[in-house]
Amino acid sequence: MSLSPMHSSRTEEAAPQKLSDDIRILQNKCVLGGRPKTGKSGHRTMATGSMSSIASVFSAMNRVKKYLRIEMWFLILFPLCTASNSRLIFRPRGSEYRAINPKPGGCNFGIQHKVIDESWHPDVAPFGVLFCVICTCSKISNNSEKGKVTCRNIRNRCPTTSCARPKVEEGHCCPSCPDEFISLLRAPASSVSRQNGVGRVHFTLVRNTLHISIRYEGSRKLRMASFKDSKGSPLKEINIPKRSINGSQVCLVWNQLSKKNIESFKQGQVSMELKLKRQQNAVGLTGDIIKYDSYSQESFEALLSSDDETSNALASFNLAKGGKILRMNLRYDGSHSLGSETQITIKLTRNPTNNRGARDVKAIGPSQIKQENSNLKTAWQNPPEHVLKWMSRGYLNITVILNTGDQKTKLTGQISIKRTCNTIVSQLSGREAPRPTMTGASGYASFDFFNNGQIRYQILLSGMVNPVTEINLQATNRKQKVKRLSRSVSFDEHGRIKLTGVWLRPSFQEICWLFSGNIFINVSTQANRGGEMYGQLKQFPFRGHHLSYHDPPTLLSGNEVVPRIQTGAAGQAWFSLDKSCALHYHLILSGMDRGRKNMRTAELLGFADYGEVPQSYDERVHLLRSFEGETISGSARNIEPEFLGNLIRGLVYLQVRSEEVPQGELRSQVFLNEDSCSKRLPPRGRNELPGSCHFGDKIYSDGEKWVSEDDKCTSCTCEDSEIVCAPLKCQRLNCTEAPIMLPHLCCPVCPAIEEKVVRYYEKRQRPSLKGCYVKRDRKVYPVGAVWYPYVQPFGYMRCHACTCLKKSEEISCTQVKCPELRCKNPIKMRMSDCCMRCPDDEDSKSNGGKKVRKGCTLRGSNYRHGQTWRPYFPIFGSSRCITCRCQNGRTHCSRDPCPKGQCRSTLLIGASTSCCQACPGS
């Protein structure tokens with residue numbers, strides 16, 4: 001028996017009244033014709049009713065389903081049927097259930113009795129508690145104690161989240177943002193120094209990944225972030241490379257946290273230490289990690305420190321009650337203990353200007369400050385608009401004065417827009433528009449803050465067919481227009497638009513809206529004046545340097561699918577190649593979640609030109625991943641050289657398809673800005689010599705060796721059209737002077753004093769040898785020579801070295817960099833030397849005069865002395881025809897010999913054939 005929904009002409013205005021009528025019909029009709037019959041044995045059996053009663057029940061069920069918008073509607077209707085005064089009747093014939101004795105008054109919900117005004121989440125077996133449904137027992141009338149059960153769905157009433165990837169915790173219906181933590185870092189009292197500074201760290205825990213944002217104010221350079229448990233045992237150490245530092249901000253990621261570590265973070269049992277350079281044994285900045293929910297929604301902050309740097313505090317600011325209250329939260333950590341006798345005063349001060357000096361704007365006394373341990377809270381009612389403007393431009397300072405008897409501490413800091421590694425971005429799709437559209441276009445927008453309160457924005461649109469008339473920022477209610485970013489914008493022949501600009505004077509309230517996720521972007525076109533694409537600005541956590549949201553993404557749209565498809569979905573993708581030529585990817589999709597499970601597949605298609613249908617055979621398709629949800633990340637390794645070449649040349653497309661649209665719903669051309677792997681690919685359309693190798697724009701003959709320009713410590717050799725690269729072997733030096741390092745060389749070199757290198761020539765008798773010439777002094781320096789310059793009256797400058805460059809034949813002088821020494825007791829031969837060197841006896845011998853057999857390191861892998869292995873090449877895979885051997889710290893690689901009568905094959909690396917083949921002419 002198939003049931004079809006009943007069509008109704010009721011209007012939306014009458015929906016609430018009709019909905020209660022339909023539920024009442026279900027409660028009355030669930031008896032199916034009246035009270036259940038009782039057999040001779042006392043057993044209750046199912047009563048038989050007329051078919052009209054059954055039809056009315058299913059008609060009411062479909063109408064309730066329409067207005068409740070619940071997919072599993074039968075889970076609610078079943079207990080609703082038992083909420084009336086009737087008995088439970090949906091039982092097998094001859095069941096032995098006891099009759100329920102209802103209590104006077106209230107409501108009966110299944111086998112449970114509820115009192116008047118009681119609310120609960122229905123528990124439906126075997127599905128458990130429905131946390132997105134709330135049922136209430138309300139009075140039927142004022143003169144009656146009997147009640148009726150009304151249930152409603154609260155999923156659509158969930159508040160808007162400001163984060164990009166909210167989570168739904170167990171026992172909750174509405175999603176919430178991930179857990180957040182902070183840590184205030186300062187130097188211990190025993191090692192306080194003016195150069196150490198202070199710091200603030202913000203953590204965002206997304207599943208098992210910890211996104212770390214460090215703000216450091218100090219003069220030293222950062223070296224490492226170290227995490228310890230409550231017992232002081234190390235948990236994790238993360239080196240801080242230069243690419244992770246952006247001014248005073250450091251961005252790091254800790255991947256694959258264990259469940260034990262996650263639980264320790266949530267319980268506050270983890271501390272952090274920020275280690276500084278030139279402090280090998282000293283303790284750097286330390287602080288406990290504490291939970292701080294919704295810290296990402298705070299818009300402004302100030303990092304305060306005392307004059308002696310023994311105390312610091314973090315102040316955060318935000319608006320509430322429609323902009324009428326300025327809330328201030330302070331987290332204090334320092335040597336001054338807070339207690340009931342501590343008098344706390346907070347002052348806001350305007351910075352001095354050309355016309356006036358510094359002046360107090362607001363003073364908050366101890367009676368207005370609420371203290372909870374080390375947390376301080378206060379509020380400013382109706383702050384003036386000009387004060388909020390000063391705060392948004394960075395013109396205000398905050399001062400906190402702690403006074404306890406004879407101990408007084410003063411902390412100061414500047415108020416500015418909060419700067420973290422999070423990025424405020426938005427996905428633009430037609431399905432999110434006020435009136436959903438299906439035009440096949442997609443978009444992306446990102447916003448960055450300057451210290452002076454200005455906001456830089458970037459908007460990308462793809463697959464546009466209709467001319468754009470306006471791009472606006474709107475508030476939460478979708479009616480209040482906040483900012484017009486652009487009027488009419490023209491797109492190129494591929495339907496793409498790139499718009500950049502600066503929002504010069506945003507208000508304090510508008511900046512707070514951006515952080516709290518209350519700003520939306522609306523793109524209007526001639527065909528859709530109300531908005532063709534729409535999106536909410538949310539905060540995305542930093543994902544690592546391979547995939548940063550600050551970089552423009554690849555936009556996926558339905559109009560680039562061949563043939564075009566009209567869809568309201570959109571997508572963004574980030575791609576990056578690492579040093580091993582592995583492809584890292586991250587995808588964000590919107591508008592593809594249609595209320596049910598919809599398996600999606602992302603794959604790379606090539607070879608293809610723009611608008612061309614890609615080849616369908618397997619060699620041209622590289623599957624990335626099948627997934628559910630709206631975000632995926634991963635990496636693809638061991639990509640075929642031909643496919644990798646097409647990927648770098650922009651001849652590969654990314655396509656996303658789903659179970660509902662198997663032919664492909666989103667598609668775009670992949671663009672990569674990485675050149676590290678392109679040099680290993682042969683150029684197209686160039687005649688090749690037998691056995692030659694192509695590396696970048698150069699051709700090398702068989703057997704020729706060279707050093708890579710990008711990696712000066714890598715030496716490559718051409719062997720039968722194959723490029724074999726290995727770490728450059730540095731020879732042992734026996735120098736009269738201490739060895740030094742030069743920026744353009746990998747291995748240390750032996751310098752000499754100038755008088756041993758320079759050659760003088762008579763006037764008009766310039767020598768014919770190559771080198772660097774100084775006409776004024778009639779000097780010539782040979783190519784490649786390295787020497788200490790002589791400067792009168794100081795003598796030889798052994799802390800600077802000069803060299804004659806081979807390519808340009810010019811003299812380059814630089815500060816001496818000393819090589820890393822492995823001996824235990826390095827010494828200086830003379831007081832004027834800058835670098836130390838190993839003693840002759842200690843350089844060659846150790847452990848009682850016995851020679852030390854050194855191991856080898858090749859591409860990050862360590863091998864012991866005497867070990868043999870097959871080398872692995874990132875692009876081509878493992879070699880089956882080359883054997884490498886570690887011999888006392890040096891790596892020797894050689895081709896495997898072929899048996900008599902056979903010659904070496906030209907396809908060696910990753911080839912499916914053997915290494916040898918029949919010789920030509922045999």
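Under full-length UniProt numbering, the sequence shown has 592 at position 592, and the numbering climbs by one with no breaks. Heads up, the beta-carbon is just placed ideally off N, CA and C, and yes, glycines get one too. All figures in this text were calculated on a predicted structure; none of them were measured in a lab.
Counting C-beta atoms within 10 angstroms of its own C-beta, E722 has 16 or more neighbours from the protein chains shown and is therefore classed as buried. Taking a cut-off of 8 Å for Cβ pairs, the region 250-263 and the region 287-304 do not touch, as fewer than three such pairs fall below it. With respect to S226, E273 sits close: the two C-beta atoms are nearer than 8 Å. Proximity to K854 across V149, G889, C799 peaks at G889, based on C-alpha coordinates. Residue burial is scored here from C-beta neighbours: T161 has at least 16 other C-beta atoms within 10 angstroms and is therefore classed as buried.
Take the alpha-carbon of M533 and the one of S442: they are about 7 Å apart. The beta carbon of L805 is closer than 7 Å to those of S812 in its chain, skipping five residues each way along the sequence. DSSP places N261 inside the alpha helix (DSSP H), whose first and last residues are 259-266. Here the region 513-529 makes no contact with the region 137-150; the two share fewer than three CB pairs at distances below 8 Å.
Within a 10 Å sphere around the beta-carbon of L396 sit 16 or more other beta-carbons, which makes this residue buried.
Distances from the CA of K712 to each of C746, K705, T469 were compared; the closest alpha carbon is that of C746.
Across the structure, I214 and Y332 are spaced so that their CA atoms are roughly 18 Å apart.
For V387, the secondary structure class from DSSP, reduced to helix, strand or coil, is helix. Collapsing the DSSP output to three states places E510 in a helix.
For N312, the uninterrupted beta strand (DSSP E) segment begins and ends at 311-320.
Listed as beta-bridge partners of S626 by DSSP are T601. For the set D593, G650, L654, K481, the Cα lying nearest the Cα of L623 is the one of L654.
Between the C-alpha atoms of A475 and L514 there is a straight-line separation of about 10 Å. When the alpha-carbon of T601 is set against those of R220, E180, E660, L555, the nearest one is in E660.
For I459, the uninterrupted beta strand (DSSP E) segment begins and ends at 455-462. Within the same chain, M438, T439, G440, G558 come within 7 Å of Q566 by CB-CB distance, once the 5 residues on both sides are set aside. CA-to-CA, the gap between G357 and N351 works out to about 7 Å.
Just measuring C-alpha positions, the residue of F265, A315, E309, N354 sitting nearest K291 is F265.
In its chain, beyond the 5 residues on either side, I401, L402 have a beta carbon closer than 8 Å to the beta carbon of K408. According to the DSSP assignment, P782 belongs to the beta strand (DSSP E) that extends over 779-782. For C512, the CB contacts under 7 Å within the same chain, skipping 5 residues up- and downstream, are S299, N318, L319 in chain order. For R186, the beta-bridge partners assigned by DSSP are T286. Restricting attention to alpha helix (DSSP H) runs no shorter than 4 residues, the region 119-195 encloses none. Counting along the chain, I325 sits inside the beta strand (DSSP E) bounded by residues 325-334. Annotated as distal: L222 and I238, with beta-carbon spacing of 8 Å or more.
Put simply, of S715, R487, N734 the residue whose alpha carbon is nearest the alpha carbon of A726 is S715.
In the three-state reduction of the DSSP assignment, I648 falls in the helix class, which pools H, G and I.
Contact check for L555 and S668: beta-carbon distance about 6 Å, within the 8 Å limit, so the pair qualifies. The region 824-842 makes contact with the region 730-740; the number of CB pairs closer than 8 Å reaches 3 or more.
With distances taken between CA atoms, I471 lies nearest to G501 out of L858, G501, G453. Residue state for G795 is assigned as strand, using DSSP reduced to three classes.
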